[in-house]
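Undergrad: In the UniProt record's numbering, the protein residues as written are 1 to 330. From the three backbone atoms N, C-alpha and C, an ideal C-beta is built for every residue, glycine too. Just so you know, these numbers come straight off a predicted model, no measurement behind them. Here it is: the structure, laid out below.
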Amino acid sequence: MAKIGDIEVGEFPLLLAPMEDVSDPPFRALCKEQGADVVYTEFISSEGLIRDAAKSVMKLDIYEKERPVGIQIFGANLESMLESVEIVEKSGPDIIDINFGCPVKKVVSKGAGAGILKDIDLMVSLTEAMVKHTNLPITVKTRLGWDQDSIKILEVAERLQDVGCKAISIHGRTRAQMYKGEADWQPIADVKNNPRMHIPVFGNGDVDTPQKAVKMRDEFGLDGAMIGRASIGYPWFFREVKHYFETGELLDPPTMIERLEAARRHLQMAIDWKGDKLGVFETRRHYTNYFKGIPHFKEHRMKMVTSDEAKDVFKAFDEAEKEFGDFQFS
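Okay, here's the thing in C-alpha coordinates:
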(Lines of atoms letter the chains of each structure in order from A and count residues from 1; the text may use other names and numbers.)
(Lines give C-alpha, C1' and ligand atoms only; values in the text may rest on other atoms or scores of the structure.)
Protein backbone atom coordinates (compact mmCIF):
# COMPACT_ATOMS: atom_id res chain seq x y z
CA MET A 1 0.00 0.00 0.00
CA ALA A 2 1.53 3.30 -1.10
CA LYS A 3 1.20 6.15 1.39
CA ILE A 4 1.77 9.86 0.98
CA GLY A 5 2.41 10.86 4.55
CA ASP A 6 -0.49 9.23 6.38
CA ILE A 7 -2.72 9.09 3.29
CA GLU A 8 -3.21 5.61 1.83
CA VAL A 9 -3.45 5.91 -1.94
CA GLY A 10 -3.65 2.29 -3.09
CA GLU A 11 -1.33 -0.58 -4.01
CA PHE A 12 -0.33 0.94 -7.35
CA PRO A 13 -2.14 4.28 -7.49
CA LEU A 14 -2.95 6.08 -10.71
CA LEU A 15 -2.42 9.81 -10.32
CA LEU A 16 -3.87 12.48 -12.60
CA ALA A 17 -0.97 14.75 -13.49
CA PRO A 18 -1.23 18.50 -12.96
CA MET A 19 -1.75 20.00 -16.44
CA GLU A 20 -2.23 23.66 -17.25
CA ASP A 21 -5.76 24.40 -18.55
CA VAL A 22 -6.58 20.68 -18.35
CA SER A 23 -6.75 19.34 -14.78
CA ASP A 24 -9.44 21.74 -13.58
CA PRO A 25 -12.30 20.67 -11.26
CA PRO A 26 -14.64 19.46 -14.05
CA PHE A 27 -12.01 17.24 -15.63
CA ARG A 28 -10.71 16.04 -12.26
CA ALA A 29 -14.26 14.99 -11.34
CA LEU A 30 -14.56 12.88 -14.50
CA CYS A 31 -11.17 11.25 -13.93
CA LYS A 32 -11.99 10.52 -10.30
CA GLU A 33 -15.23 8.81 -11.35
CA GLN A 34 -13.25 6.63 -13.73
CA GLY A 35 -10.73 5.46 -11.15
CA ALA A 36 -8.02 8.08 -10.62
CA ASP A 37 -6.69 7.53 -7.09
CA VAL A 38 -5.09 10.95 -6.59
CA VAL A 39 -5.75 14.11 -8.59
CA TYR A 40 -3.72 17.30 -8.79
CA THR A 41 -4.76 20.82 -9.67
CA GLU A 42 -3.28 22.77 -12.55
CA PHE A 43 0.04 24.22 -11.47
CA ILE A 44 -0.33 27.55 -9.71
CA SER A 45 2.14 30.42 -9.65
CA SER A 46 3.23 31.35 -6.12
CA GLU A 47 3.71 34.94 -7.30
CA GLY A 48 0.20 34.92 -8.79
CA LEU A 49 -1.28 33.75 -5.50
CA ILE A 50 0.47 36.48 -3.56
CA ARG A 51 -0.73 39.13 -6.02
CA ASP A 52 -4.24 37.67 -5.69
CA ALA A 53 -4.32 37.16 -9.46
CA ALA A 54 -7.81 35.94 -10.33
CA LYS A 55 -6.70 33.02 -12.51
CA SER A 56 -4.28 31.71 -9.88
CA VAL A 57 -6.77 32.03 -7.02
CA MET A 58 -9.51 30.30 -9.04
CA LYS A 59 -7.28 27.24 -9.42
CA LEU A 60 -7.45 26.73 -5.64
CA ASP A 61 -11.04 25.47 -5.91
CA ILE A 62 -11.27 21.86 -4.76
CA TYR A 63 -14.24 19.66 -3.83
CA GLU A 64 -14.80 16.86 -1.33
CA LYS A 65 -15.48 14.26 -4.04
CA GLU A 66 -11.93 14.76 -5.37
CA ARG A 67 -10.06 13.62 -2.29
CA PRO A 68 -7.26 12.89 -1.95
CA VAL A 69 -6.37 15.99 -3.96
CA GLY A 70 -3.10 17.87 -4.23
CA ILE A 71 -2.59 21.53 -5.03
CA GLN A 72 0.56 22.12 -7.06
CA ILE A 73 2.51 25.36 -6.87
CA PHE A 74 5.65 26.62 -8.58
CA GLY A 75 8.15 29.37 -7.94
CA ALA A 76 11.79 29.99 -7.08
CA ASN A 77 11.58 32.67 -4.40
CA LEU A 78 11.58 31.33 -0.83
CA GLU A 79 9.43 34.05 0.72
CA SER A 80 6.85 33.82 -2.06
CA MET A 81 6.67 30.05 -1.85
CA LEU A 82 6.19 30.10 1.92
CA GLU A 83 3.51 32.77 1.68
CA SER A 84 1.74 30.78 -1.03
CA VAL A 85 1.76 27.69 1.21
CA GLU A 86 -0.25 29.65 3.78
CA ILE A 87 -2.76 30.68 1.08
CA VAL A 88 -3.00 27.13 -0.27
CA GLU A 89 -3.60 25.65 3.20
CA LYS A 90 -6.84 27.64 3.49
CA SER A 91 -8.29 25.68 0.55
CA GLY A 92 -7.91 22.47 2.55
CA PRO A 93 -5.99 20.19 0.16
CA ASP A 94 -4.67 16.82 1.27
CA ILE A 95 -1.27 17.37 -0.34
CA ILE A 96 0.88 20.28 -1.50
CA ASP A 97 3.01 19.44 -4.53
CA ILE A 98 5.96 21.48 -5.76
CA ASN A 99 6.52 21.71 -9.50
CA PHE A 100 10.22 21.30 -10.23
CA GLY A 101 9.61 19.89 -13.69
CA CYS A 102 7.68 22.25 -15.98
CA PRO A 103 9.87 22.76 -19.09
CA VAL A 104 8.01 25.79 -20.51
CA LYS A 105 10.31 28.71 -21.25
CA LYS A 106 8.28 31.39 -19.42
CA VAL A 107 8.49 29.31 -16.21
CA VAL A 108 12.08 28.13 -16.61
CA SER A 109 13.35 31.62 -17.39
CA LYS A 110 12.34 32.66 -13.86
CA GLY A 111 14.32 29.79 -12.33
CA ALA A 112 11.11 27.91 -11.49
CA GLY A 113 9.77 24.57 -12.73
CA ALA A 114 12.54 22.61 -14.45
CA GLY A 115 14.69 25.75 -14.27
CA ILE A 116 15.55 24.89 -10.69
CA LEU A 117 17.27 21.70 -11.88
CA LYS A 118 20.26 23.97 -12.53
CA ASP A 119 20.40 24.72 -8.79
CA ILE A 120 19.86 21.53 -6.79
CA ASP A 121 20.83 23.20 -3.52
CA LEU A 122 18.02 25.75 -3.98
CA MET A 123 15.61 22.96 -4.91
CA VAL A 124 16.40 21.14 -1.67
CA SER A 125 16.37 24.23 0.55
CA LEU A 126 13.01 25.37 -0.85
CA THR A 127 11.53 21.94 -0.21
CA GLU A 128 12.92 21.80 3.33
CA ALA A 129 11.54 25.24 4.16
CA MET A 130 8.09 24.32 2.85
CA VAL A 131 8.06 21.04 4.77
CA LYS A 132 8.79 22.96 7.96
CA HIS A 133 6.14 25.57 7.15
CA THR A 134 3.12 23.24 6.97
CA ASN A 135 1.68 20.10 8.50
CA LEU A 136 0.42 18.95 5.09
CA PRO A 137 2.54 16.39 3.23
CA ILE A 138 4.84 18.03 0.68
CA THR A 139 5.51 16.12 -2.52
CA VAL A 140 7.61 16.96 -5.57
CA LYS A 141 7.21 16.49 -9.31
CA THR A 142 10.40 16.78 -11.32
CA ARG A 143 12.39 15.52 -14.31
CA LEU A 144 15.52 13.42 -14.69
CA GLY A 145 17.69 16.52 -14.95
CA TRP A 146 18.31 19.66 -16.97
CA ASP A 147 19.94 17.77 -19.84
CA GLN A 148 21.56 14.42 -20.54
CA ASP A 149 24.88 15.59 -19.09
CA SER A 150 23.45 16.73 -15.76
CA ILE A 151 21.22 13.87 -14.62
CA LYS A 152 21.53 13.64 -10.84
CA ILE A 153 18.10 12.26 -10.01
CA LEU A 154 19.45 9.65 -7.56
CA GLU A 155 21.11 12.33 -5.47
CA VAL A 156 18.16 14.72 -5.88
CA ALA A 157 15.60 12.16 -4.73
CA GLU A 158 17.67 11.20 -1.68
CA ARG A 159 18.18 14.80 -0.64
CA LEU A 160 14.50 15.67 -1.09
CA GLN A 161 13.51 12.67 1.01
CA ASP A 162 16.03 13.61 3.67
CA VAL A 163 14.45 17.07 4.12
CA GLY A 164 10.94 15.63 4.50
CA CYS A 165 9.45 15.22 1.03
CA LYS A 166 6.72 12.53 1.30
CA ALA A 167 6.65 11.30 -2.32
CA ILE A 168 8.32 12.08 -5.62
CA SER A 169 6.93 11.89 -9.15
CA ILE A 170 9.59 11.73 -11.86
CA HIS A 171 9.03 12.43 -15.54
CA GLY A 172 11.38 10.24 -17.55
CA ARG A 173 12.79 13.06 -19.68
CA THR A 174 15.20 15.94 -19.17
CA ARG A 175 14.19 19.54 -19.57
CA ALA A 176 16.18 19.69 -22.81
CA GLN A 177 14.01 16.92 -24.25
CA MET A 178 10.77 18.76 -23.47
CA TYR A 179 8.21 16.11 -24.58
CA LYS A 180 10.25 14.70 -27.47
CA GLY A 181 11.59 11.19 -27.82
CA GLU A 182 10.73 8.36 -25.45
CA ALA A 183 10.59 8.68 -21.69
CA ASP A 184 13.36 6.72 -19.96
CA TRP A 185 11.97 4.91 -16.94
CA GLN A 186 15.21 3.18 -15.94
CA PRO A 187 16.62 6.13 -13.95
CA ILE A 188 13.27 6.31 -12.11
CA ALA A 189 13.59 2.61 -11.29
CA ASP A 190 17.12 3.27 -10.06
CA VAL A 191 15.69 5.82 -7.63
CA LYS A 192 13.07 3.33 -6.44
CA ASN A 193 15.66 0.54 -6.03
CA ASN A 194 18.03 2.75 -4.03
CA PRO A 195 18.02 1.03 -0.60
CA ARG A 196 18.02 4.46 1.09
CA MET A 197 14.69 5.42 -0.47
CA HIS A 198 11.51 4.71 1.48
CA ILE A 199 9.03 7.29 0.15
CA PRO A 200 6.81 6.42 -2.85
CA VAL A 201 8.40 6.91 -6.26
CA PHE A 202 5.86 7.52 -9.02
CA GLY A 203 6.68 7.30 -12.72
CA ASN A 204 5.49 9.78 -15.32
CA GLY A 205 5.87 9.98 -19.08
CA ASP A 206 4.46 7.89 -21.95
CA VAL A 207 2.02 5.80 -19.88
CA ASP A 208 -0.51 5.73 -22.70
CA THR A 209 -1.70 2.10 -22.67
CA PRO A 210 -2.72 -0.29 -19.89
CA GLN A 211 0.16 -2.53 -20.92
CA LYS A 212 2.66 0.25 -20.27
CA ALA A 213 1.18 0.84 -16.83
CA VAL A 214 1.70 -2.85 -16.04
CA LYS A 215 5.26 -2.61 -17.33
CA MET A 216 5.92 0.37 -15.07
CA ARG A 217 4.59 -1.61 -12.12
CA ASP A 218 6.00 -5.08 -12.79
CA GLU A 219 9.22 -4.54 -14.76
CA PHE A 220 10.35 -1.24 -13.28
CA GLY A 221 8.90 -1.77 -9.80
CA LEU A 222 7.59 1.75 -9.31
CA ASP A 223 4.99 2.66 -6.69
CA GLY A 224 2.44 4.21 -9.03
CA ALA A 225 1.90 5.90 -12.37
CA MET A 226 1.16 9.57 -12.98
CA ILE A 227 -1.03 9.92 -16.06
CA GLY A 228 -0.96 13.08 -18.16
CA ARG A 229 -1.56 13.34 -21.89
CA ALA A 230 -3.24 9.93 -22.23
CA SER A 231 -6.15 11.17 -20.11
CA ILE A 232 -6.88 14.40 -22.01
CA GLY A 233 -10.34 13.95 -23.50
CA TYR A 234 -10.26 10.34 -22.31
CA PRO A 235 -10.94 10.00 -18.56
CA TRP A 236 -11.78 6.32 -19.17
CA PHE A 237 -8.06 5.59 -19.36
CA PHE A 238 -7.99 5.13 -15.58
CA ARG A 239 -10.72 2.47 -15.55
CA GLU A 240 -9.12 0.70 -18.53
CA VAL A 241 -5.80 0.44 -16.69
CA LYS A 242 -7.45 -0.86 -13.53
CA HIS A 243 -9.48 -3.41 -15.49
CA TYR A 244 -6.29 -4.63 -17.13
CA PHE A 245 -4.58 -4.89 -13.74
CA GLU A 246 -7.42 -7.03 -12.43
CA THR A 247 -8.12 -9.25 -15.46
CA GLY A 248 -5.21 -9.03 -17.89
CA GLU A 249 -7.77 -8.15 -20.54
CA LEU A 250 -8.39 -4.92 -22.41
CA LEU A 251 -11.71 -3.27 -21.60
CA ASP A 252 -14.01 -2.35 -24.47
CA PRO A 253 -13.70 1.37 -25.22
CA PRO A 254 -16.55 3.67 -24.15
CA THR A 255 -19.50 3.82 -26.51
CA MET A 256 -20.39 6.89 -28.51
CA ILE A 257 -23.27 7.59 -26.13
CA GLU A 258 -20.91 7.42 -23.12
CA ARG A 259 -18.54 9.82 -24.83
CA LEU A 260 -21.27 12.29 -25.68
CA GLU A 261 -22.69 12.13 -22.15
CA ALA A 262 -19.23 12.82 -20.70
CA ALA A 263 -18.61 15.67 -23.15
CA ARG A 264 -21.96 17.26 -22.25
CA ARG A 265 -21.30 16.93 -18.51
CA HIS A 266 -17.75 18.20 -18.92
CA LEU A 267 -18.91 21.29 -20.78
CA GLN A 268 -21.75 22.01 -18.35
CA MET A 269 -19.49 21.64 -15.30
CA ALA A 270 -16.91 23.91 -16.95
CA ILE A 271 -19.57 26.56 -17.64
CA ASP A 272 -20.86 26.31 -14.08
CA TRP A 273 -17.32 26.73 -12.73
CA LYS A 274 -15.79 29.39 -14.97
CA GLY A 275 -18.64 30.91 -16.95
CA ASP A 276 -19.86 30.52 -20.52
CA LYS A 277 -16.93 32.00 -22.41
CA LEU A 278 -14.05 30.25 -20.61
CA GLY A 279 -16.08 27.09 -20.11
CA VAL A 280 -16.62 26.74 -23.85
CA PHE A 281 -13.07 27.73 -24.77
CA GLU A 282 -11.17 25.57 -22.30
CA THR A 283 -13.01 22.31 -23.00
CA ARG A 284 -12.21 22.45 -26.72
CA ARG A 285 -8.87 20.68 -26.36
CA HIS A 286 -10.66 17.54 -25.16
CA TYR A 287 -12.97 16.95 -28.11
CA THR A 288 -10.33 15.47 -30.42
CA ASN A 289 -9.79 12.58 -28.03
CA TYR A 290 -13.41 12.26 -26.97
CA PHE A 291 -14.28 11.46 -30.59
CA LYS A 292 -11.04 10.03 -31.93
CA GLY A 293 -11.22 7.31 -34.56
CA ILE A 294 -14.61 8.15 -36.05
CA PRO A 295 -14.49 8.37 -39.86
CA HIS A 296 -16.03 11.46 -41.48
CA PHE A 297 -16.42 13.22 -38.13
CA LYS A 298 -14.41 16.32 -39.01
CA GLU A 299 -17.44 18.55 -39.69
CA HIS A 300 -18.91 17.84 -36.26
CA ARG A 301 -15.56 18.28 -34.51
CA MET A 302 -15.01 21.62 -36.22
CA LYS A 303 -18.36 22.87 -34.91
CA MET A 304 -17.42 21.77 -31.40
CA VAL A 305 -14.04 23.54 -31.43
CA THR A 306 -15.03 26.72 -33.27
CA SER A 307 -18.41 27.55 -31.73
CA ASP A 308 -18.24 30.36 -29.18
CA GLU A 309 -21.71 29.80 -27.73
CA ALA A 310 -22.49 26.90 -25.41
CA LYS A 311 -25.84 26.28 -27.08
CA ASP A 312 -24.07 25.73 -30.41
CA VAL A 313 -21.65 23.21 -28.89
CA PHE A 314 -24.51 21.30 -27.25
CA LYS A 315 -26.29 21.36 -30.60
CA ALA A 316 -23.19 19.87 -32.23
CA PHE A 317 -23.27 17.07 -29.64
CA ASP A 318 -26.93 16.39 -30.48
CA GLU A 319 -26.23 16.32 -34.21
CA ALA A 320 -23.30 13.95 -33.67
CA GLU A 321 -25.53 11.63 -31.63
CA LYS A 322 -28.13 11.47 -34.40
CA GLU A 323 -25.57 10.60 -37.03
CA PHE A 324 -23.03 8.53 -35.07
CA GLY A 325 -24.91 7.30 -31.99
CA ASP A 326 -24.55 3.65 -33.07
CA PHE A 327 -20.90 3.91 -34.08
CA GLN A 328 -18.87 0.93 -32.84
CA PHE A 329 -15.38 1.65 -31.52
CA SER A 330 -12.85 -1.13 -31.93
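The alpha helix (DSSP H) that contains ARG239, what's its start and end?
TA: 237-247
Undergrad: Taking the continuous alpha helix (DSSP H) assigned at TYR287, which residues delimit it?
TA: In the DSSP assignment, TYR287 falls within the alpha helix (DSSP H) that extends over 287-290.
Undergrad: CB ILE138 to CB ILE153, shorter than 8 Å?
TA: no
Undergrad: Considering Cα atoms alone, identify which of ARG196, ASN204 and ARG67 is closest to TYR179.
TA: ASN204
Undergrad: Please name the residue, chosen from THR306, GLY224, MET58 and LEU260, that lies closest to MET1 on a Cα-to-Cα basis.
TA: Ranking THR306, GLY224, MET58 and LEU260 by CA distance to the CA of MET1 puts GLY224 first.
Undergrad: Among all the DSSP beta bridges, which residues are the ones paired with residue 331?
TA: No answer is possible for residue 331: it lies beyond the span of the chain, which begins at 1 and ends at 330.
Undergrad: Does the beta-carbon distance from GLU33 to MET19 come in below 8 Å?
TA: no
Undergrad: Quick one: which unbroken alpha helix (DSSP H) runs of 4-plus residues sit fully inside the segment 279-329? Chain order, please.
TA: 287-290, 298-306 and 310-324
Undergrad: With burial defined as no fewer than 16 other Cβ atoms inside 10 Å of the residue's Cβ, what is the status of ASN135: buried or exposed?
TA: exposed
Undergrad: So, under 8 Å CB-CB, LEU222 and PHE202 are touching, yes? Tell me the CB distance rounded to an integer number of Å.
TA: Indeed, because the Cβ distance is near 6 Å, the residues count as touching under 8 Å.
Undergrad: Compute the Euclidean distance between the alpha carbons of SER80 and MET130, then round it to the nearest angstrom.
TA: 11 Å
Undergrad: Ordered along the chain, which non-local residues of its own chain (more than five positions away) have a Cβ less than 7 Å from that of CYS102?
TA: PHE43, PHE74, GLY113 and ALA114
Undergrad: Distance, Cα to Cα, LEU251 vs LYS303?
TA: 30 Å
Undergrad: Using CA atoms only, rank isn't needed, just tell me which of PHE12, GLY164 and ILE120 is closest to residue 340.
TA: The structure shown does not extend to residue 340, since the chain is modelled only from 1 through 330, so no value can be given for it.
Undergrad: Just to confirm the assignment, what range does the beta strand (DSSP E) spanning GLN72 have?
TA: 69-74
Undergrad: Determine which residues share a DSSP beta bridge with THR41 and list them.
TA: Partner(s): none; THR41 has no beta bridge.
Undergrad: To which residues of the same chain is ALA157 closer than 6 Å at the C-beta, ignoring the five residues directly before and after it?
TA: ILE168 and VAL191
Undergrad: Checking the sheet assignment: what are the DSSP bridge partners for PHE100?
TA: THR142
Undergrad: Between the C-alpha atoms of LYS315 and ILE87, what's the straight-line distance to the nearest angstrom?
TA: 41 Å
Undergrad: Could you tell me if ALA54 is buried or exposed, where buried requires 16 or more neighbouring beta carbons within 10 angstroms of its beta carbon?
TA: exposed
Undergrad: Classify GLY181: buried if its beta carbon has 16 or more other beta carbons within 10 angstroms, exposed otherwise.
TA: exposed
Undergrad: Could you spell out the range, first to last residue, of the beta strand (DSSP E) harbouring ILE7?
TA: 7-10
Undergrad: Going by the CB atoms, is the gap between VAL69 and residue 344 shorter than 8 Å?
TA: The structure shown does not extend to residue 344, since the chain is modelled only from 1 to 330, so the question has no answer here.
Undergrad: Would you mind working out which of LYS311, ARG301, GLU258 and THR255 sits nearest LYS277, comparing C-alpha positions?
TA: LYS311
Undergrad: So what's ILE95 in DSSP terms, helix, strand or just coil?
TA: strand
Undergrad: Where does LEU14 sit, in a helix, a strand or coil, going by DSSP?
TA: strand
Undergrad: What residues match up with ALA2 in a beta bridge as DSSP calls it?
TA: GLY10
Undergrad: Opposite ILE151 in the DSSP bridges: which residues?
TA: In the DSSP output, where bridge partners are listed per residue, ILE151 has GLY145.
Undergrad: Label ASP326 either buried or exposed according to how many other C-beta atoms from any shown protein chain fall within 10 Å of its C-beta, with 16 as the threshold for buried.
TA: exposed
Undergrad: Determine the DSSP secondary structure at MET130, reduced to helix, strand or coil.
TA: helix
Undergrad: Does DSSP put GLY275 in a helix, in a strand, or in coil?
TA: helix
Undergrad: Between THR174, LEU14 and LEU30, which lies nearest to PRO235 when the distance is taken from Cα to Cα?
TA: LEU30
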